[in-house]
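*Asks:* Each residue of the sequence shown is one higher than the one before, counting from 5 in our numbering.
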Amino acid sequence: MAPLTFAWIDHHYDRENAGLGRSRFAEHVWVHAKEFGDCWGDISPVGFACVAWRLATPPHLDPGFVRLHRRVLRATCRRNTWDGSLTVTAELVAPWPAELTGSRAWTQDRGWRGWPETFGQFLAPSAEELSRVPHLRSTLTAEAPLPLADLPRIPEDAGPELPDLAERTVTVLVRELNDLLAPLVTQLGEAR
């Protein structure tokens, strides 16, 4: 099986749905420029990276400038309180663990189901589905550091380069996340 992608930037949708400018994401960054207020002049790009990522992903921007694999329920970036490094937390849809699939005696013939899928997307079961059968939805939470080396340097204050700086930052984060988590997504895709 070919390796899957954890995240990608949807440049086509971004350009096609831009309002007045060349980029929907750039417009969104300008509207929310004040959220970068504490980042200017910081020697660490972590704060800026966290804001840029949040602005590029749902629910802040929906559909996101950054798209996530269907198994990724959410992916967030935050500053590690211990040393100020950049940490990603990703929640992924997973199959039931082997301990539950090896024997179905625990189900007591009650029709337990996993993640409902519609058009290839994993969804929470509806109230109607929950009124009929029980559901057990497995998830994995991945938490890991991301390297800072390729993130752009943050200027002393905001300027016209803000949208480009945010896009370059998000591009680096997407590359690093794919390097770190795409093998996990690929393995989960093979474990049907």
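Idealized CB from N, CA, C, for every residue including glycine.
Does DSSP put Glu165 in a helix, in a strand, or in coil?
*Replies:* coil
*Asks:* At the level of alpha carbons, what is the spacing between Leu152 and Leu90?
*Replies:* 7 Å
*Asks:* Taking DSSP as the reference, what is the three-state secondary structure of Ser142?
*Replies:* strand
*Asks:* May I have the straight-line CA-CA distance separating Glu147 from Asp87, to the nearest angstrom?
*Replies:* About 15 Å.
*Asks:* Can you tell me whether Phe69 is helix, strand or coil according to DSSP?
*Replies:* coil
*Asks:* Check Thr91 in the structure and name its three-state DSSP category.
*Replies:* strand
*Asks:* Thinking C-alpha only, which one of Arg83, Gly45, His32 and Asp42 is nearest Pro63?
*Replies:* His32
*Asks:* Output the boundary residues of the beta strand (DSSP E) element that contains Arg83.
*Replies:* Residues Val76 to Arg83.
*Asks:* Below 6 Å CB to CB, which residues in the same chain sit around Leu144 once its five sequence neighbours on both sides are set aside?
*Replies:* Leu96 and Ala98
*Asks:* Check the C-beta distance from Val55 over to Cys43 and give it rounded, since I have them as a contact under 8 Å.
*Replies:* 6 Å
*Asks:* Who are Pro149's beta bridge partners in DSSP?
*Replies:* Thr91
*Asks:* Report the CB separation of Thr173 from Leu155 in whole angstroms; it is logged as a contact under 8 Å.
*Replies:* 6 Å
*Asks:* Going by other Cβ atoms of all chains shown within 10 Å of its Cβ, with 16 needed for buried, is Ser27 buried or exposed?
*Replies:* buried
*Asks:* Residues in its own chain within less than 7 Å of Glu160 by CB, not counting five upstream and five downstream?
*Replies:* Trp44 and Gly45
*Asks:* Excluding the 5 residues flanking Ser142 on each side, which residues of the same chain have their C-beta closer than 6 Å to its C-beta?
*Replies:* Ala98 and Trp100
*Asks:* In this structure, what does DSSP give as the bridge partners for Ala56?
*Replies:* In the DSSP output, where bridge partners are listed per residue, Ala56 has none listed.
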